[in-house]
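K.L.:
Numbering (the numbering used here), first residue to last: 3 to 93. Cβ coordinates follow ideal geometry from the N, Cα and C atoms, glycine included. As the structure is a prediction and not an experimental result, all values here were calculated from the model. Okay, here's the structure, questions in a sec.
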């Protein structure tokens with residue numbers, strides 16, 4: 003399996019889930035991943051714009067051009083964050 007196919011498979015698993023898309027300017031968009039393509043163009047629904055940890059704007063559906071995307075990552079759920087904090091306290 004080529005690297006491109008592996009990446010496409012990874013992103014396919016994220017469709018319908020909450021993700022964070024960080025763009026080159028440092029702004030983050032949080033929302034449900036609706037679709038993406040080979041150029042890393044991304045469609046999100048129920049999107050929020052975040053800058054420096056502060057909510058800037060809420061949107062419905064947005065489209066982010068792939069040439070602006072710095073990274074895409076699954077958004078960590080609150081209970082996962084709590085588990086991570088508990089593990090840090092125990093160590």
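(1) Does DSSP classify residue 68 as helix, strand or coil?
(2) Less than 8 Å between the C-beta atoms of residue 71 and residue 44, yes or no?
(3) Quick check: residue 64 and residue 38, are their CB atoms within less than 8 Å of each other?
(4) Is residue 11 helix, strand or coil when you go by DSSP?
(5) For the beta strand (DSSP E) containing residue 17, list its first residue and its last residue.
(6) Does the separation of the CB atoms of residue 50 and residue 33 fall below 8 Å?
P.N.:
So, from the listed chains and residues:
(1) helix
(2) yes
(3) Cβ distance not < 8 Å, so residue 64 and residue 38 don't count as in contact.
(4) Under the three-state reduction of DSSP, residue 11 is assigned to helix.
(5) Per DSSP, residue 17 lies in no beta strand (DSSP E) segment and is marked neither H nor E.
(6) yes
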